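Worksheet for the structure shown next.
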Amino acid sequence: MKLQFQIKRFNELSLIELYNVLQLRSEVFVVEQNCVYQDIDGKDEKALHLIGTYNNEIVAYVRIFKPGDYFEEASIGRVVVKQSYRDKKWGYDLMQEAIATTQTELNENNITISAQLYLQKFYENLGFEQTSEVYLEDDIPHIEMKRK
435 MKLQFQIKRF
445 NELSLIELYN
455 VLQLRSEVFV
465 VEQNCVYQDI
475 DGKDEKALHL
485 IGTYNNEIVA
495 YVRIFKPGDY
505 FEEASIGRVV
515 VKQSYRDKKW
525 GYDLMQEAIA
535 TTQTELNENN
545 ITISAQLYLQ
555 KFYENLGFEQ
565 TSEVYLEDDI
575 PHIEMKRK
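Counting from 435, one number per residue, gives the positions in the sequence shown under our numbering.
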């Protein structure tokens, strides 16, 4: 049972893929986390989109940005795994693939993320270190973390 990964630029996403990615992000970040915020933020067009599929269903996803497009360093965001698949520990596979993609596609090793505080240990296990105090983003506690 492994995820299949694809990397696409915004203009390479099919309408169905874009719809399914936005649906997954909304399902988790808006509905599950009970957080009303503007997910469609005008940055998708700048990002590389890493899509994880299982049985032809999009179940995992991240956005990857080159330096300067989100943070000073390259960055990874909108990290999401469909709730019904989280028991597979695919979050680690997704992030390892995102880190590798950042290194190969962008030739960048320094990565910054804005992590939800409750996921600090998860990201530390992937080599990220806390670099800020706790701050609220959309009323959810976050910390900035970096990987070098």
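Ideal placement from N, C-alpha and C gives every residue a C-beta, glycine not left out.
All values reported here derive from a predicted model rather than from experimental measurement.
Starting from the C-beta of S460, find all residues in its chain whose C-beta is less than 7 angstroms away, skip the five residues before and the five after it, and write them out in chain order.
-> As a first step, residue 460 is located in the sequence shown; it is residue number 26 there, counting from the start. Excluding sequence neighbours, S460 sits near D473.
Cβ-Cβ distance between T535 and L458 below 8 angstroms = To locate residue 535, count along the sequence shown from 1; it is residue 101. To locate residue 458, count along the sequence shown from 1; it is residue 24. L458 is positioned such that its CB atom lies no closer than 8 angstroms to that of T535.
For chain C, find out if any of its Cβ atoms is closer than 8 angstroms to the Cβ of M579; answer yes or no.
-> Structure shown: chain C not included; a single protein chain is present.
Is there contact here, the stretch 549 to 558 with the stretch 497 to 507, by at least three beta-carbon pairs under 8 angstroms?
-> The way I'd put it, the stretch 549 to 558 doesn't touch the stretch 497 to 507; fewer than three beta-carbon pairs between them come closer than 8 angstroms.
Consult DSSP for F439 and reduce its assignment to one of helix, strand or coil.
-> Taking the sequence shown and counting its residues from 1, one reaches residue 439 at position 5. Correct three-state label for F439: strand.
Between the beta-carbon of I485 and the beta-carbon of V455, is there less than 8 angstroms?
-> For this step, residue 485 is matched to residue 51 along the sequence shown. For this step, residue 455 is matched to residue 21 along the sequence shown. Taking C-beta atoms as the reference points, I485 and V455 count as a pair closer than 8 angstroms.
At what residue ranges does the stretch 524 to 553 contain a whole run of the beta strand (DSSP E), taking only runs of 3 or more?
-> Those beta strand (DSSP E) runs which fall completely within the stretch 524 to 553 and span 3+ residues are 545 to 550.
In chain order, each alpha helix (DSSP H) run of at least 4 residues that lies wholly inside the stretch 436 to 511 | The stretch 436 to 511 contains these whole alpha helix (DSSP H) runs: 449 to 459.
Identify which residue in L560, I577 and T546 has its Cα closest to the Cα of V568.
-> As a working mapping, residue 568 is identified with position 134 in the sequence shown. The residue among L560, I577 and T546 with its C-alpha nearest the C-alpha of V568 is I577.
Taking the alpha-carbon positions, what's the L551 to N468 distance?
-> The sequence position of residue 551 within the sequence shown is 117, counting from 1. The sequence position of residue 468 within the sequence shown is 34, counting from 1. Taking the Cα positions, L551 is about 16 angstroms away from N468.
Straight-line Cα distance separating G511 from Q653 = An answer regarding residue 653 cannot be provided, because it is not within the stretch 435 to 582 covered by the chain.
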